[in-house]
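Residue numbers (UniProt numbering): 1 to 280.
Listed below in structure tokens is the structure:
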């Protein structure tokens, strides 16, 4: 064992030889940042013929380690900020805020497959290769639950994501018209346009109102939001069929909105009533 260590040490000492040159790297000293020259003797790597300063290389490695640690702290703080932003800006019901992939229990295989599909979307998400999805299906099967869970998981990975329920969004937009509002309509629309992933929940709900003028305004705003998402990933959930949505928005506009979007169907028992049926 000792002979192996000695051989290794000898090999290392033979690999590096002193160079006649001295290091000319300049560094700053003290609070006054006086410039000084390293002037340490250089070494030569006899295998690669690279000439280097051992002291400066050691300092460089420490700097790289510190930079990696600083970046990790920064990323952690960004994730915390994203969670705060989710709480402040994502327009959802309080009950949905507790939704996770773990506490979603599908009532049939089709819903289990849908859960896997959405989990795969999160796991494989790349903002440089945006993909969109429209999730259709029966009322209460857990579309919103899975999408809130997806929003949280995307933020854990350091992406910006936002979940909005359509009717709550329009209420939020109107609230920005108040002169005392800290959030302006432009800022809100910019936020919706810039996030890596925007999830629009209950798409088409604005057409259930009787006020035709209100529906027209909401449709215009919806078009603005969808248009601003070109080149970004957007997920839609809806209780309507594709045919019904095409009739509501007009086939041409709806086709443009859903361009390159994948469709995921979710059908099954009402997820919200599962405990009621069990007598819980």
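Glycine is no exception: its CB is placed at the ideal position from the N, C-alpha and C atoms.
If you're wondering where the values come from, they're calculated on a predicted model, not measured in any experiment.
Asked	Found
Rounded distance between the beta-carbons of residue 42 and residue 21, thought under 8 Å	5 Å
Closest residue to residue 56 among 27, 265, 140 (Cα-Cα distance)	27
Rounded straight-line distance, which links the Cα of residue 191 to that of residue 148	18 Å
Assigned secondary structure, residue 249 (DSSP; H/G/I helix, E/B strand, else coil)	helix
Nearest-angstrom Cβ-Cβ length linking residue 96 and residue 145, presumed shorter than 8 Å	7 Å
C-beta atoms of residue 223 and residue 139 nearer than 9 Å	no
Member of 225, 150, 58, 220 whose CA lies at the smallest distance from the CA of residue 116	150
Backbone secondary structure at residue 119 - three-state DSSP	helix
Rounded separation between residue 162 and residue 154 - CA only	10 Å
Own chain residues within Cβ distance below 7 Å of residue 188, not counting five before or after	172, 173, 176
Cut-off 7 Å between Cβ atoms - residues of its own chain near residue 92, not counting five sequence neighbours on either side	148, 163, 165
Bridge partner(s) assigned by DSSP for residue 45	16
Local Cβ density within 10 Å of residue 199, reported as buried at 16 or more and exposed below that	buried
Any C-beta of chain C under 9 Å from that of residue 186	Here there is only one protein chain, and chain C is not present.
Cα-Cα separation, residue 124 to residue 62	33 Å
Within 9 Å, strictly: CB atoms of residue 106 and residue 112	yes
Closest Cα partner of residue 15 within the set 36, 35, 260, 46	46
Which residues DSSP lists as bridging residue 234, in chain order	198
Cβ-Cβ separation, residue 23 to residue 40 (assumed contact under 8 Å), whole Å	5 Å
Nearest-angstrom Cα separation, counted from residue 268 out to residue 70	48 Å
Closest Cα partner of residue 217 within the set 169, 264, 156, 48	169
Contact belief for residue 234 with residue 135 at Cβ below 8 Å, rounded distance in angstroms	Actually they do not touch by this definition, with Cβ atoms about 11 Å apart.
For residue 182, three-class secondary structure by DSSP	coil
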